[in-house]
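Engineer: Residue numbers (our numbering): 1 to 544. Before anything else, here's the structure in question.
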Amino acid sequence: MDRATAGDVLRRAASARPRDLVVAAVLVSVHQLAEAAVPVAVGWVIDLGVVGRDSGALLRWLGVVTAVFAVLTTSAYFGYYLAARTERLAAHRVRMDVVSRVLHPAGGAPGRPGELVSTAGADADRAGEVCTVVVGGVAALTALAGGAVVLLDASVVLGLVVLGGVPLVLLASRLLARPLVGRAEAEQESLAAATAVATDVVTGLRVIKGIGGEDAADASYRAASRAALRARLAAAKWAGGYLGATNAITGLFLVVVAWVAGRLALDGTISVGELVAGVGLAQFLIGPLERLTELGAVLAGARGAARRTAAVLAAPPAVTAGTGVLPARPAGTLRVRLPDGPALEVAAGEHVGVVTLQAADAARLLDALARDADAPVELDGTDLRGVALDEARRAVLVARHEATLFEGTVADTTGRDPAPLAAAAADEVVDTLPAGLDSDVGERGRTLSGGQRQRLGLARALAEDPAVLVLHDPTTAVDAATEHRIADGVATLRAGRTTVVVASSPALLARCDRVLVVDGGAVVASGSHAELIADPRYRQAVLA
Numbered sequence: 001m002d003r004a005t006a007g008d009v010l011r012r013a014a015s016a017r018p019r020d021l022v023v024a025a026v027l028v029s030v031h032q033l034a035e036a037a038v039p040v041a042v043g044w045v046i047d048l049g050v051v052g053r054d055s056g057a058l059l060r061w062l063g064v065v066t067a068v069f070a071v072l073t074t075s076a077y078f079g080y081y082l083a084a085r086t087e088r089l090a091a092h093r094v095r096m097d098v099v100s101r102v103l104h105p106a107g108g109a110p111g112r113p114g115e116l117v118s119t120a121g122a123d124a125d126r127a128g129e130v131c132t133v134v135v136g137g138v139a140a141l142t143a144l145a146g147g148a149v150v151l152l153d154a155s156v157v158l159g160l161v162v163l164g165g166v167p168l169v170l171l172a173s174r175l176l177a178r179p180l181v182g183r184a185e186a187e188q189e190s191l192a193a194a195t196a197v198a199t200d201v202v203t204g205l206r207v208i209k210g211i212g213g214e215d216a217a218d219a220s221y222r223a224a225s226r227a228a229l230r231a232r233l234a235a236a237k238w239a240g241g242y243l244g245a246t247n248a249i250t251g252l253f254l255v256v257v258a259w260v261a262g263r264l265a266l267d268g269t270i271s272v273g274e275l276v277a278g279v280g281l282a283q284f285l286i287g288p289l290e291r292l293t294e295l296g297a298v299l300a301g302a303r304g305a306a307r308r309t310a311a312v313l314a315a316p317p318a319v320t321a322g323t324g325v326l327p328a329r330p331a332g333t334l335r336v337r338l339p340d341g342p343a344l345e346v347a348a349g350e351h352v353g354v355v356t357l358q359a360a361d362a363a364r365l366l367d368a369l370a371r372d373a374d375a376p377v378e379l380d381g382t383d384l385r386g387v388a389l390d391e392a393r394r395a396v397l398v399a400r401h402e403a404t405l406f407e408g409t410v411a412d413t414t415g416r417d418p419a420p421l422a423a424a425a426a427d428e429v430v431d432t433l434p435a436g437l438d439s440d441v442g443e444r445g446r447t448l449s450g451g452q453r454q455r456l457g458l459a460r461a462l463a464e465d466p467a468v469l470v471l472h473d474p475t476t477a478v479d480a481a482t483e484h485r486i487a488d489g490v491a492t493l494r495a496g497r498t499t500v501v502v503a504s505s506p507a508l509l510a511r512c513d514r515v516l517v518v519d520g521g522a523v524v525a526s527g528s529h530a531e532l533i534a535d536p537r538y539r540q541a542v543l544a
């Protein structure tokens, strides 16, 4: 959604189920009109049945009251059910828009994972409340209009008082609701920040315990949680003040209506039944007016959530997506030309190692190869910037150091081909698991050790058998013996297939056809592992 605004988000939410929204608004409006009809029917019972002493009319109008209550109950049941359903579906639509943006191959979604979770959860729910505002607002205005018509029919003066007072009450409510938007945004931002800290702590709990950082993590979350609490209390304070002020305005307006109706009855302008109907309608009108004022606060929260959601949806992509396609089986000749990074050329089928003396060089190279950054990378002479992202990433597969395993079985992750499992020494992992390949790895592979996760992640990459495989430090969590086995296994399995190993492991580099040393964005040395041992920079990076 390019250049999305809060209004765009709310309109899209409201249009998730337009027919259901209209039907819900109609049914809830019928419910409100039926409620307004109750005091009117009672007034007719008094005028025709009680004052007129007509038992037949009394029974007939009591039947009318019963019918009104039947309509009231039926329309309320189906109307509010549809309204709640429409609100949930609207929130789901916004949530799916956020998820689609976050998971878009072009990337670029702003914010930490916890903040994005908050946007897809709490903010989407609050944006969906625009349906409640539409249904409740239409029903309340319909009830006010219906009450005004009845009052005008009984007395023009009384009707004009209502018609003149309602816009003033609504205007005052709208002005009082303006500060709530900023407060709602501040509350949601602080909640998102607290959620982000909590997500980071839970995700990195094993590392935090390993370095003894429990106290620091606890202090960080406490600070974020207290900030969220302060923002929530401030928003609640403003919301309470808003509701109190609007209720006072509404109450004053209804006192005026009741006083005018009482004076008209004393003057004989309206009957006793019309007085009862007028007072009953005045009391009934409290409900629609209160709902309108409450909907102002709901709309303010929905707009604040929609603004945060729009910021995610309108964020520019990290890379430009092409539309071209590659051959079904690319040869694998790779050429990289980075303006601020190394220039590499890898022949088809070559097994090349890359040692970066600066971490930034490795990051730029990996981002370019993974198409996480717009950079000139050519595969068999084709610029990957003009190729569809999924196509480019299938052809040049970058297996990063921190491989994320998805929930499911080992077979779901690696497949059942024994060759990639053996090459990654993951067959040893499978042998230790109770159900072998059918063992569950848990969320993000948390049931496994770091070394086990790393080997399964490597086996997954090898099983894809891409034209070009880029491995980043694939053996940092395994012992020396396992590392040598993996180096031999990868070199054997990938024989004749282009492979780039970005690492500082002597075992892996020794199996490469040649090794490139990169420093400050330039290739400063090239040769075999044995030849480069004489270079002090290489020796320091690999053997120190």
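A virtual CB, placed ideally from N, CA and C, is assigned to each residue, including glycine. Nothing here was measured: the structure is a model prediction, and the numbers come from that model.
1. Are the beta-carbon atoms of V490 and L532 separated by less than 9 Å?
2. Do you know how far the Cα of L433 is from the Cα of A425?
3. Across the region 189-198 and the region 225-241, are there enough close Cβ pairs to call them in contact, namely three or more that are closer than 8 Å?
4. Which of helix, strand or coil does DSSP assign to D125?
5. Inspect the beta-carbon positions of A310 and A106 and report whether they are closer than 9 Å.
6. Between the beta-carbon of V22 and the beta-carbon of A41, is there less than 9 Å?
7. Nearest CA to the CA of L384: which residue from E274, H351, A403, P327?
8. Looking at the structure shown, is V255 part of a helix, part of a strand, or coil, going by DSSP?
9. Roughly how many angstroms separate the alpha carbons of L10 and V134, rounded to a whole number?
10. With R537 as the anchor, note down where its alpha helix (DSSP H) starts and where it stops.
11. Quick one, are the C-beta atoms of S29 and A139 less than 9 Å apart?
12. May I have the straight-line CA-CA distance separating L82 from R88, to the nearest angstrom?
13. Is the beta carbon of A331 sitting closer than 9 Å to the one on A495?
14. Identify which residue in E129, D390, G114, L313 has its Cα closest to the Cα of A14.
15. Please go through the same chain and pick out, in chain order, the residues whose beta-carbon is closer than 8 Å to the beta-carbon of D20, but skip the five residues on each side of it.
16. Assuming R364 and L405 are in contact, meaning their beta carbons sit under 8 Å apart, how far apart are those beta carbons, in whole angstroms?
17. Using three-state DSSP, classify E443 as helix, strand or coil.
18. Report yes or no: do three or more beta-carbon pairs, one from the region 355-373 and one from the region 507-521, lie closer than 8 Å?
19. Within a Cβ cutoff of 7 Å, which residues of the same chain sit near Y242, ignoring the five residues on either side of it in sequence?
20. Buried or exposed: which applies to Q358, given that a residue is buried once 16 or more other Cβ atoms fall within 10 Å of its Cβ?
21. Excluding sequence positions up to five away, which residues of its chain have a Cβ less than 6 Å from the Cβ of A37?
22. Secondary structure at A13, three-state DSSP: helix, strand or coil?
23. Rounded to whole angstroms, what is the Cα-Cα separation between T447 and R400?
24. Could you check how far apart the C-beta atoms of A172 and I249 are, in whole angstroms? I think they sit under 8 Å.
25. Go to L302, then tell me how far its alpha helix (DSSP H) extends in each direction, as first and last residue.
26. Just to confirm, are L344 and V523 a CB contact at a threshold of 9 Å?
27. Kindly give me the distance between the Cβ atoms of V98 and L313, rounded to whole angstroms, as I take these residues to be in contact under 8 Å.
28. Grab me the residues of G159's own chain with a C-beta within less than 7 Å of its C-beta, minus the 5 sequence neighbours each way, in chain order.
29. Relative to the C-alpha of E391, which residue among V355, R371, E402 is closest?
30. In the DSSP output, what is D367 paired with across the bridge?
31. Classify W238 as buried or exposed, calling it buried when 16 or more other Cβ atoms lie within 10 Å of its own Cβ.
32. Just verifying my parser: in three-state terms, what is the DSSP assignment at E378?
33. Does the distance from the CB of C512 to the CB of H351 come in under 9 Å?
34. For the alpha helix (DSSP H) containing S528, list its first residue and its last residue.
35. Taking the alpha-carbon positions, what's the G625 to R460 distance?
36. Can you tell me which of the three DSSP states V492 falls into?
Structural biologist: On the basis of the supplied data:
1. Counted from its first residue, the sequence shown places residue 490 at position 490. Counted from its first residue, the sequence shown places residue 532 at position 532. No. Outside cutoff.
2. Translated into the one-based positions of the sequence shown, residue 425 becomes position 425. Translated into the one-based positions of the sequence shown, residue 433 becomes position 433. Between A425 and L433, the C-alpha separation is close to 14 Å.
3. yes
4. The sequence position of residue 125 within the sequence shown is 125, counting from 1. Helix.
5. For the purposes of this step, residue 310 is taken as residue 310 along the sequence shown, with counting starting at 1. For the purposes of this step, residue 106 is taken as residue 106 along the sequence shown, with counting starting at 1. Contact flag unset, no.
6. For the purposes of this step, residue 22 is identified with residue 22 of the sequence shown, where counting begins at 1. For the purposes of this step, residue 41 is identified with residue 41 of the sequence shown, where counting begins at 1. No. Outside cutoff.
7. Here residue 384 refers to the residue found at position 384 when the sequence shown is read from its first residue. With distances taken between Cα atoms, L384 lies closest to P327.
8. Start at 1 with the first residue of the sequence shown, and residue 255 comes out as number 255. Three-state result, V255: helix.
9. On the sequence shown, residue 10 is found 10 positions in, with the first residue counted as 1. On the sequence shown, residue 134 is found 134 positions in, with the first residue counted as 1. C-alpha of L10 to C-alpha of V134: approximately 11 Å in a straight line.
10. Here residue 537 is taken as the residue at index 537 of the sequence shown, counted from 1. Note, R537: alpha helix (DSSP H), 536-543.
11. Counted from its first residue, the sequence shown places residue 29 at position 29. Counted from its first residue, the sequence shown places residue 139 at position 139. Yes, Cβ-Cβ distance for S29 and A139 is below 9 Å.
12. By one-based count along the sequence shown, residue 82 stands at place 82. By one-based count along the sequence shown, residue 88 stands at place 88. Their backbone Cα atoms lie some 10 Å apart in a straight line.
13. Here residue 331 is taken as the residue at index 331 of the sequence shown, counted from 1. Here residue 495 is taken as the residue at index 495 of the sequence shown, counted from 1. Result no, Cβ atoms of A331 and A495 do not sit closer than 9 Å.
14. In the sequence shown, residue 14 corresponds to position 14, counting from 1. Comparing Cα-Cα distances from A14 to each of E129, D390, G114, L313, the minimum goes to E129.
15. Here residue 20 corresponds to residue number 20 of the sequence shown, with the count starting at 1. These residues qualify, in order along the chain: L82, R85, T86, L89.
16. Counted from its first residue, the sequence shown places residue 364 at position 364. Counted from its first residue, the sequence shown places residue 405 at position 405. So it is not a contact: roughly 26 Å between Cβ atoms.
17. As a working note, residue 443 is residue 443 in the sequence shown. Helix at E443.
18. yes
19. As a first step, residue 242 must be located in the sequence shown, where it is residue number 242. Correct list, in chain order: L176, A177, L180, A297.
20. Stepping through the sequence shown from its first residue, residue 358 is reached at position 358. Per the 10 Å Cβ criterion, exposed.
21. Position 37 of the sequence shown holds residue 37. Listed in chain order, the non-local C-beta contacts of A37 below 6 Å within the same chain comprise V68, local neighbours out to five positions each way being set aside.
22. For the purposes of this step, residue 13 is taken as the residue at position 13 of the sequence shown. Residue state, collapsed to three classes: helix.
23. Taking the first residue of the sequence shown as position 1, residue 447 is located at position 447. Taking the first residue of the sequence shown as position 1, residue 400 is located at position 400. When the Cα atoms are used, T447 and R400 turn out to be separated by approximately 20 Å.
24. Mapped onto the sequence shown, residue 172 falls at position 172. Mapped onto the sequence shown, residue 249 falls at position 249. Contact flag correct, Cβ pair sits at about 5 Å.
25. The sequence position of residue 302 within the sequence shown is 302, counting from 1. Looking at the sequence shown, residue 302 is not Leu but Ala. Its alpha helix (DSSP H) spans residues 286-313.
26. Numbered from its first residue, the sequence shown carries residue 344 at position 344. Numbered from its first residue, the sequence shown carries residue 523 at position 523. In contact: L344 and V523 (Cβ atoms closer than 9 Å).
27. Along the sequence shown, one-based indexing puts residue 98 at 98. Along the sequence shown, one-based indexing puts residue 313 at 313. Going by Cβ atoms, the distance from V98 to L313 rounds to 7 Å, so yes, they are a contact pair.
28. Along the sequence shown, one-based indexing puts residue 159 at 159. Excluding residues within five positions, the ones whose Cβ falls inside 7 Å are A148, L151, L152.
29. Reading the sequence shown from its first residue, position 391 is the one you call residue 391. The shortest C-alpha separation from E391 is found at R371.
30. One-based indexing of the sequence shown puts residue 367 at position 367. None; D367 has no bridge partner.
31. Counted from its first residue, the sequence shown places residue 238 at position 238. Per the 10 Å Cβ criterion, buried.
32. As a working note, residue 378 is residue 378 in the sequence shown. Look at E378 here: in three-state DSSP terms it is strand.
33. Position 512 of the sequence shown, counted from the start, is the residue given in the question as residue 512. Position 351 of the sequence shown, counted from the start, is the residue given in the question as residue 351. For C512 and H351, yes; Cβs fall inside 9 Å.
34. The residue labelled residue 528 in the question sits at position 528 within the sequence shown. Where S528 is concerned, there is no enclosing alpha helix (DSSP H), given that its DSSP letter is neither H nor E.
35. Because the chain spans 1 through 544 in this model, residue 625 falls outside it and cannot be assessed.
36. Position 492 of the sequence shown, counted from the start, is the residue given in the question as residue 492. For the sequence presented, residue 492 should be read as Thr rather than Val. If DSSP states are grouped into helix, strand and coil, T492 belongs with the helices.
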